[in-house]
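Read in order, the letters of the sequence shown are residues 899 to 1227 in my numbering.
C-beta atoms are modelled at their ideal positions from N, C-alpha and C, and glycine is treated no differently.
Below is one structure, written out as structure tokens; the observations come after it.
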Amino acid sequence: MTTTPPEARAQIVNMVRDFVRREVEPVAAQHDRDDTVPHDLIDRMKELGLFGITVPEEYGGMGLDYTTFASIFEELSKGFMTLSGAIGTHHILTYVLTHYGTEEQKQRFLPDLASGRKRGGLALTEPSGGTDMANLQTTATKDGEEYSINGTKMFITNGRYGDMFCLLARTDPDMEPRHRGISCFVVEKGGPGFTVGRDLDKMGYRGLDTCELIFDNYPVPVDNLIGGKEGAGFGMVMSGLETGRINIAARAVGVAQAAFEAAIKYSQQRETFGKPIAEHQAIQLKLADMATKIHAARLLVFDAAAKKDTGQRVDLESGMAKLFASEMC
899 MTTTPPEARA
909 QIVNMVRDFV
919 RREVEPVAAQ
929 HDRDDTVPHD
939 LIDRMKELGL
949 FGITVPEEYG
959 GMGLDYTTFA
969 SIFEELSKGF
979 MTLSGAIGTH
989 HILTYVLTHY
999 GTEEQKQRFL
1009 PDLASGRKRG
1019 GLALTEPSGG
1029 TDMANLQTTA
1039 TKDGEEYSIN
1049 GTKMFITNGR
1059 YGDMFCLLAR
1069 TDPDMEPRHR
1079 GISCFVVEKG
1089 GPGFTVGRDL
1099 DKMGYRGLDT
1109 CELIFDNYPV
1119 PVDNLIGGKE
1129 GAGFGMVMSG
1139 LETGRINIAA
1149 RAVGVAQAAF
1159 EAAIKYSQQR
1169 ETFGKPIAEH
1179 QAIQLKLADM
1189 ATKIHAARLL
1199 VFDAAAKKDT
1209 GQRVDLESGM
1219 AKLFASEMC
């Protein structure tokens, strides 16, 4: 169980809020319009320790709880949700390594990930499907001291600028039920057989690399099999995705909160019939509905995060938070 003292949480969240106000808000709209990756802001996030929010201190991270984690993602998203995306799946990789990796794997990978020297991602979704993980087609065939990876992953955040990925692949095609034949690897970028394919355009969520990754007999050392055990990858990533749903829900709360604050400001400035529209009951009712839905969404996020902090399974709670917050936003 991890609990961040309230004073420390407030100090860290205020630090992120100040960073967003001073450095992110002045340039976010331009990055969004031009669909340019904000490398300088991402570098600042490394300096602030935001690549290792929940990584234990012994491996170079901040060792914070998921309630603080959610608050940080909300603040980042109020300024520019892309910044949350840059560290979202990165933290799924650090989660899986922290909770399921061998001690050797933790010492080898976590310090670089926590500092931001290496950026991580999650190589899960495939052209034929996303959430249907049990039917993924990418394979990992063992050959001596290596696995040969073959397959294609789609919509991979940090695909172009990331350095390593938590990759799910099928190691036993005949295992039933099928999810028991899936294993989880740390796949480091570089070398023949690993190709970053096309950049995938998006209607929103601009300024963040989202790519296809192609593996053609790409060799991965046996030592990169997370936990050193085949067939356990499905459970590892399902647990990690709980934290992903928490951070996505928190992002939606942040975007909605920013929109609400902009609406309040506009309603106090715009005048009709000789007074600010904020004084018209119809506008007040709209603002009241917005405030209520945002508060409800935030409570769902914090409920899931608090239970995750106690070590509970939160697939239901995190899913509800993601559903409600994203639809509310």
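Taking Cβ positions, are residue i and residue j nearer each other than 8 Å?
i            : j            : result
residue 1020 : residue 1064 : yes
residue 987  : residue 1048 : no
residue 977  : residue 1125 : no
residue 1038 : residue 1068 : yes
residue 953  : residue 1082 : no
residue 969  : residue 975  : no
residue 1115 : residue 1084 : no
residue 1182 : residue 1174 : no
residue 979  : residue 1151 : no
residue 958  : residue 1008 : yes
residue 950  : residue 943  : no
residue 973  : residue 925  : no
residue 1027 : residue 1079 : no
residue 1058 : residue 966  : no
residue 1207 : residue 996  : no
residue 1221 : residue 990  : no
Put residue i into one of helix, strand or coil per three-state DSSP.
i            : result
residue 1062 : strand
residue 1146 : helix
residue 1103 : coil
residue 923  : helix
residue 1057 : coil
residue 1209 : coil
residue 1189 : helix
residue 1112 : strand
residue 1096 : strand
residue 1047 : strand
residue 1217 : helix
residue 953  : coil
residue 966  : helix
residue 960  : coil
residue 1027 : strand
residue 1170 : strand
From this set, the options, which residue's C-alpha is nearest residue i's C-alpha?
i            : options                : result
residue 945  : 1055, 914, 1102        : 914
residue 917  : 938, 1101, 930         : 938
residue 1155 : 1187, 1015, 1139       : 1187
residue 948  : 929, 1169, 985, 1167   : 985
residue 1223 : 1202, 1013, 1208       : 1202
residue 1041 : 1206, 950, 1119        : 1119
residue 1193 : 907, 1148, 906         : 1148
residue 851  : 1077, 1110, 1099       : As displayed, the chain neither begins before 899 nor continues past 1227, which places residue 851 out of reach and without an answer.
residue 1073 : 1025, 1033, 1102       : 1033
residue 1184 : 1013, 1159, 932        : 1159
residue 1015 : 1044, 1190, 1045, 941  : 941
residue 1024 : 1054, 1170, 1163, 1017 : 1054
residue 903  : 1010, 1169, 997, 964   : 964
residue 921  : 936, 909, 931, 907     : 936
residue 1217 : 1198, 1227, 1208, 1104 : 1198
residue 909  : 1220, 962, 934, 1104   : 962
residue 1044 : 1094, 992, 1117, 1022  : 1117
residue 1246 : 1011, 1162, 1097, 1070 : This structure leaves residue 1246 out entirely; the chain is present only between 899 and 1227.
residue 1096 : 1102, 923, 1112, 1104  : 1112
What first and last residue would you give for the alpha helix (DSSP H) that runs through residue i?
i            : result
residue 1033 : No alpha helix (DSSP H) contains residue 1033, which DSSP labels as neither H nor E.
residue 998  : 979–998
residue 910  : 904–917
residue 1001 : 1001–1013
Along the beta strand (DSSP E) that carries residue i, what are the first and last residues, could you check?
i            : result
residue 936  : Residue 936 -> no beta strand (DSSP E), and no H or E assigned at all.
residue 1086 : 1080–1086
residue 1021 : 1018–1021
residue 1127 : Per DSSP, residue 1127 belongs to no beta strand (DSSP E) and is neither H nor E.
residue 1070 : Neither: residue 1070 is in no beta strand (DSSP E) and is coded neither H nor E.
residue 1037 : 1037–1041
Comparing the CB of residue i with every heavy atom of the ligand HEM, is any distance shorter than 7 Å?
i            : result
residue 1169 : Of the ligands one can find in the structure shown there are none, so the ligand HEM has no counterpart to examine.
Assess contact between the segment 1133–1140 and the segment 1051–1063, defined as three or more Cβ pairs (one per stretch) separated by less than 8 Å. Is contact present? no
Does the contact criterion of 3 or more C-beta pairs under 8 Å hold for the segment 1138–1145 versus the segment 1209–1216? yes
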